[in-house]
Amino acid sequence: MRKASGATVAMIMGVALYFTLFWGYDALRVLTSPTYGLEDVWRSQFVFGVGAIFHLAPMGLIKLAAFFGAVKLAVAIVCAVHLVDRLRTLAGGTVRSDILEGGLIAVVAVSLVAIGPAVWSHNDELVRSLVLQLALAALATALSAVERSYNRDANRPVNPASRLGLDSDAPIAIDASAVAAAPRLHA
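Per this note's numbering, residue 5 is the first one in the sequence shown, and the count goes up by one each step.
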């Protein structure tokens, strides 16, 4: 098989760059704020929604906002590590896509937790941004799985016996009579 195309790699890197920049900025904004980002009503709406589900007091809301900020910072760091790993593979080596997939699992988890309160409060803009993040995470995960499949197939030696479903370690015996061509009849 061939290696994954350059467009696939570019799209994976673009998604990783998106989460590095935007989630990193959001995490730093939340973690450096004295109220952990709760002063921004639009972006912290899911914290209030989750807090209402679990009946959290104001101190619990601040801890929950700090937790989501820390998760977003962890995702941004994981995506940045993946970008550095991608740049390292330009010099030679193989990429470790499981690093990015771990971060994308956290993106999906945070987005799914945040989308519920956004839907309940009828906030279309917040739902739209969260669905975009879910779609980007799904796209990058699918492309990463395709790339891993291509790389695995490209590194595997081709053995004709394995294509036929035979034991690949067994020697292949060819019967001389089976190789002879059938007689041709001409009318």
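No residue lacks a Cβ here, since even glycine has one placed at the ideal position from N, Cα and C.
Computed from a prediction, not measured in an experiment: that's the story for all the values here.
Beta-carbon separation (whole angstroms), residue i vs residue j, contact threshold 8 Å
i: residue 40; j: residue 57; result: 18 Å between Cβ atoms; not a contact.
i: residue 51; j: residue 72; result: 6 Å
i: residue 19; j: residue 144; result: 4 Å
i: residue 151; j: residue 101; result: 6 Å
Residue span of the alpha helix (DSSP H) that contains residue i, given as start and end
i: residue 86; result: 62-94
i: residue 29; result: 28-36
i: residue 124; result: 101-124
i: residue 97; result: Unbroken run through residue 97: none, as it is neither H nor E.
i: residue 12; result: 10-22
Beta-carbon proximity list for residue i, same chain, < 6 Å, skipping 5 on both sides
i: residue 28; result: 80
i: residue 83; result: 20, 23, 24, 107
Same chain, Cβ closer than 7 Å to residue i, neighbours up to 5 away in sequence not counted
i: residue 118; result: 50, 134
i: residue 93; result: 99
i: residue 68; result: 51, 54, 55, 60
Proximity to residue i [Cα-Cα], best of the options
i: residue 74; options: 120, 139, 37, 9; result: 37
i: residue 115; options: 14, 33, 48, 12; result: 48
i: residue 2; options: 148, 89, 112, 91; result: Outside the displayed span of the chain (5 to 191) sits residue 2, for which this structure offers no information.
i: residue 46; options: 125, 149, 91, 104; result: 125
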